[in-house]
Structures are given as C-alpha cells and as structure tokens.
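Report on the structure given below.
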Amino acid sequence: MIDEIGAARETALTQVAAADSLESVTMLGTQLLGKKGPLAQLKTKLGGLSTVDEKKAAGSAVNEAIQVVTAALEFRNIELSEAALAARVQFESIDLTEYADRPTRGHAHVVTQAWERLEDVFIGLGFQVAEGPEVETDWHNFEALNMGEGHPARGEFDTLFVDHAPAGGQPGRTLLRTHTSPVQIRTMLEQEPPIYIVAPGRVFRRDTPDATHMPVFHQIEGLVIDRNITMADLAGTIEAFTKAFFGADFSSRLRPSYFPFTEPSAEFDIQRPDGSWLELGGCGMVHPNVLIAGGLDPEQWSGFAFGFGIDRMAVMRHQVADIRDMYVNDIRFIEQF
Ligand code: PHE
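Residues in the sequence shown are numbered consecutively from 12, following the numbering used here.
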C-alpha cells in the first residue's frame with residue numbers, strides 16, 4: 012500500500028512538472044485531487060488494511076502525498092504566471108532607444124520671422140514698438156485719419172464690420188482695422204511727443220483670397236512726431252531702413268501719391284542690386300487734421316508716417332508665386348524658410 016501511494020505521488024508530481032500552461036495546471040488539480048483522483052481512490056482502500064498501525068501509516072502517507080501534490084500545483088501555477096507576465100512585459104515594452112535621434116525642431120513662420128526682423132531693425136534705428144487693437148472704432152480707423160463719413164477713400168478699404176450693436180455700440184461703427192494707421196492716433200493720444208514708434212500687426216479687408224490678396228494680412232506702421240520734422244527726415248529714414256533691412260547695395264525712392272492722412276503723400280520703392288524696383292508701401296507727412304485728432308498742435312509739432320505689408324514684402328523677397336501658400340501651413344512650404 013505504501014509503495015502504491017509513493018508511486019501515485021511520483022506520477023502526480025511528474026505530471027505537474029510537465030504542465031505547460033495555467034489551464035493545464037487547473038485541469039490537473041481537479042484530476043489529481045478530485046474525488047475520483049488516484050489519491051482519493053487510495054484513501055478509500057485504507058479501510059481494507061488489517062492493522063491499525065498499517066492504517067495509520069498508510070493514512071498519513073496519503074495525506075502527505077496530497078499536501079505535496081497540492082504544493083507542487085501551487086508552485087507550478089506561480090511559475091507559469093510569472094513566465095506569462097514576463098512574456099507580456101517583453102511583448103508590450105517600448106524600445107526607447109528607437110527615439111534616440113534628436114527630434115526635429117520647428118521654427119518661426121516666415122511672416123513671423125519678417126515681423127521680428129523688422130522690429131529689430133527699427134529698434135536699431137531708435138524706434139519703439141507700439142500696439143493697437145484689431146477690433147477698432149470707425150473713428151480711430153477712418154474719422155481721425157481724415158477720412159470722414161462719405162470720404163471716397165473709405166471704399167478702397169473693403170471694411171469688415173463687427174456687429175457691436177447688441178452690446179450697446181452704434182451699428183456699423185465697430186470694425187476690424189483695415190490698416191495699422193489707427194495706432195498713430197492711439198499713440199498720439201497716449202504719449203507726449205517726441206514719438207518714434209513702429210506698430211506691426213494684423214489687418215483685415217473684405218477680399219476674396221487669390222494669388223495676391225488675403226482677407227487677413229500684416230502691416231507695419233511707422234510714426235515720428237517731433238519738432239521741425241520734414242520730408243527729408245522721412246526720405247532719410249526710409250533709406251536708412253532699406254540699407255539696414257535689405258542690405259547696403261539696396262536703395263529707395265519716393266514717388267508722389269495720395270493718402271487722406273498724409274500731406275504730401277508718397278509711395279516708396281526699393282531698388283534691388285540688379286536695378287529692378289519693388290513697390291513697398293505708402294508714406295507722407297502727417298496731415299494737420301490727423302495731428303489735431305491726436306490732440307497735438309500742428310503749429311508746434313510735425314511728423315511723418317509710413318506703412319507697408321509684411322507678408323507682401325516676404326512674398327517678394329522669397330519670390331513666392333501665390334500669397335495663399337503663406338497661410339495653408341503645408342509643412343513642405345513652411346520648412347523652406
Ligand atoms: N495705411 C496705408 C495703407 O494701408 C499705408 C500708409 C501708412 C500710408 C502711413 C501713409 C502713411 O495702405
């Protein structure tokens with residue numbers, strides 16, 4: 012009987028050691044330790060043994076065998092669970108060395124680059140940077156700039172109005188600024204002359220996008236107010252800016268033009284080293300009515316102003332055929348600058 016128990020125990024242990032999955036361990040458990048299992052069967056035979064000592068010896072041998080097999084099953088269970096976990100960790104792990112290469116770095120958009128360089132150059136020439144709101148009043152954008160109600164030049168600006176009436180504003184009196192020139196007025200009202208500022212910013216016009224137009228674009232405004240400022244100061248400033256921004260082999264010229272807020276007015280062009288001209292922007296001597304709107308006495312103060320498109324300048328500088336390319340944010344386009 013003892014030998015039989017020993018043999019059953021060994022067979023069971025061999026089977027447990029051979030189990031290769033958690034499911035087979037569970038199955039073996041019921042098989043080996045269940046009521047119909049080999050050890051349970053041996054237990055039922057104990058009653059047939061002749062002496063009490065024999066019964067005792069065989070009984071404890073069976074119990075011990077059950078304990079040993081139970082422990083072996085538990086051990087094999089743990090072993091297989093750990094192996095399964097290790098395999099899963101291995102499978103799900105991420106190899107961080109895959110990303111050991113430096114990530115590619117982005118850079119400022121070509122318009123932002125132009126904007127920042129313009130600020131740098133003008134700061135170098137002694138200007139300060141000013142700002143104004145993108146949502147403006149009719150007064151700042153037009154009226155104070157010598158473009159009263161019904162002035163024909165208003166039509167050229169294709170203004171986008173903001174429905175400010177529900178908030179208590181007058182209908183048709185609040186708009187998206189059509190140029191950066193209202194910053195001239197705000198600056199004059201806010202600070203005492205002498206004033207030497209540039210104001211870059213976003214402007215808006217009711218234009219359908221095409222190769223040369225965008226409804227949203229950027230301008231930079233310049234304003235100088237001081238005593239005895241003349242047209243020569245304006246021409247000299249444009250020339251100094253041209254050389255500082257484009258290079259020593261570039262030069263500039265003024266051509267007579269018309270703006271309601273400057274008198275006299277001019278357009279300024281830049282000459283490239285190859286002799287060709289690039290039309291850049293508008294400028295002129297600040298109109299006396301504009302000085303008055305800004306709270307200044309035209310007998311005491313005079314000044315000049317200029318303004319030009321930042322995007323337009325970048326487009327021409329990099330020979331971009333279609334201005335819309337600047338805004339669709341196609342990485343293949345953006346990466347070139
Ligand atoms: N504000 C004008 C425009 O948008 C440009 C300009 C600015 C002209 C300052 C003269 C003086 O076209």
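For glycine and all other residues, C-beta sits at the position ideal for the given N, C-alpha and C.
Quantities reported herein were computed from a predicted structural model and do not represent experimental measurements.
Exercise for the section: Take every Cβ of the stretch 286-300, pair it with every Cβ of the stretch 175-182, and state whether three or more of those distances are shorter than 8 Å. Expected result: no
Problem - Closer than 7 Å: histidine 166 CB and nearest the ligand PHE heavy atom - result: The sequence as given places glycine at residue 166; histidine does not occur at that position. Not under cutoff, so the answer is no.
Practice task
Could you check what DSSP says for histidine 175 in three-state terms: helix, strand or coil?
Solution key: coil
Practice task
Could you check if glutamine 311 is buried or exposed, using at least 16 other CB atoms within 10 Å of its CB as the buried criterion?
Solution key: exposed
Practice task
Tell me, to the nearest whole angstrom, how far the beta carbon of phenylalanine 168 is from that of threonine 189; I am working on the premise that it is less than 8 Å.
Solution key: 4 Å
Practice task
Thinking histidine 2 and arginine 197 are a contact (beta carbons under 8 Å), I'd like their distance in whole angstroms, please.
Solution key: With the chain running from 12 to 348 in the structure shown, residue 2 is simply not present.
Practice task
Would you tell me roughly how many angstroms separate the C-alpha atoms of serine 32 and leucine 91, rounded to the nearest one?
Solution key: 7 Å
Practice task
Grab the span of the beta strand (DSSP E) containing serine 262 for me, first residue to last.
Solution key: 262-270
Problem - Same chain, Cβ closer than 7 Å to alanine 251, five either side skipped, listed in chain order - result: Leu136
Handout entry: Contacting residues, own chain, Cβ-Cβ under 8 Å from arginine 266 (five flanking each side not counted)
Key = The residues are Ala277, Glu278, Phe279 and Asp280.
Handout entry: Bridge partners - serine 276, DSSP secondary structure assignment
Key = Ser268 and Gly295
Problem - Segment contact, 8 Å Cβ cut-off, at least three pairs: the stretch 42-57 with the stretch 111-126 - result: no
Exercise for the section: Can you grab the Cα-Cα spacing for the pair glutamate 201 / glycine 143, in whole Å? Expected result: Cα to Cα, glutamate 201 sits roughly 11 Å from glycine 143.
Handout entry: Check: phenylalanine 272 C-beta below 7 Å from any heavy atom of the ligand PHE
Key = yes
Handout entry: Sub-8 Å separation of alanine 316 and threonine 273 beta-carbons
Key = yes
Practice task
Say yes only if the C-beta of serine 276 is nearer than 7 Å to one or more non-hydrogen atoms of the ligand PHE, and no if none qualify.
Solution key: yes
Practice task
Return the CA-CA distance between glycine 161 and isoleucine 334, expressed in angstroms with no decimal places.
Solution key: Rounded to the nearest angstrom, the two C-alpha atoms are 32 Å apart.
Problem - Identified DSSP bridge partners for phenylalanine 256 - result: Partner(s): none; phenylalanine 256 has no beta bridge.
Exercise for the section: With a floor of 4 residues, list each alpha helix (DSSP H) that falls wholly inside the stretch 81-156, ordered by position along the chain. Expected result: 121-135 and 149-152
Problem - Min CB distance aspartate 174 to chain C below 8 Å - result: Within the model displayed, chain C is absent; a lone protein chain is all it includes.
Problem - Reduced DSSP category for threonine 248 - H, G, I as helix; E, B as strand; rest coil - result: Three-state result, threonine 248: helix.
Exercise for the section: Kindly identify the DSSP beta-bridge partner or partners of valine 214. Expected result: Phe228
Practice task
Mind checking who tyrosine 338 pairs with in its DSSP beta bridge?
Solution key: According to DSSP, which records beta bridges pairwise, tyrosine 338 is partnered with nothing at all.
Practice task
Check whether the Cβ of serine 313 sits closer than 7 Å to any heavy atom of the ligand PHE, and report yes or no.
Solution key: no
Exercise for the section: Taking all protein chains shown into account, decide if valine 122 is buried (16 or more other Cβ within 10 angstroms of its Cβ) or exposed. Expected result: buried
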